[in-house]
Amino acid sequence: MSDCLFCKIANKEIPSEIVYEDNRVIAFKDIAPQAPVHIIVIPIEHFDCVLNVPAGNDIISHIHSVINRLAIKYDLAQKGFRIVNNCGDDGGQSVKHLHYHLIGGRAMGWPPG
Ligand code: 5GP
Ligand code: ZN
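To get my numbering, take the position in the sequence shown, counting from 1, and add 1008.
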């Protein structure tokens, strides 16, 4: 999608601090971190949100395996961390390209606001 911010980041038209990439996924530091570790993990292929991933497509499980690797790399495994997927307007999704937040390095509250 030519006007999608995260497609532009995936295509490296817009610079970001990339912490992981393979042929399906890219992970980069959030521009406005909400915790000491705040990484965005996206599929390179554009999906508006999690609802648009076809049944049988394993991109979500791949993203989760990348998140696990990053949680270990950033030393979050022992104390824990949060994985967030905001979907749609009520979910608080501001960028309409499927993405997961990996957030850690401090204790977090619940429920979300
Ligand atoms: P959402 O609110 O859609 O779940 O999350 C979008 C996230 O993308 C936000 O946490 C926001 O700070 C981050 N973000 C927005 N624009 C940029 C950008 O240009 N670069 C990076 N690295 N992160 C961005
Ligand atoms: Zn996109």
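Cβ atoms here follow ideal geometry from the backbone N, Cα and C, with glycine treated the same way.
In this structure, DSSP gives Val1061 a state outside helix and strand, which the three-state scheme calls coil. One residue list follows from the rule of a beta carbon closer than 6 Å to any heavy atom of the ligand ZN, given in chain order as Met1009, Cys1012, Phe1014, Cys1015, His1054, His1105. Taking C-beta separations shorter than 8 Å and ignoring five residues to either side along the sequence, the partners of Leu1013 in its chain run Ile1022, Val1103, His1105, following chain order.
Restricting attention to Met1009, Ile1067, Val1045, Ala1063, the CA atom closest to the CA of Asp1030 is found in Ile1067. If you draw a 10 Å sphere on the C-beta of His1072, you find fewer than 16 other C-beta atoms in it, and that means exposed.
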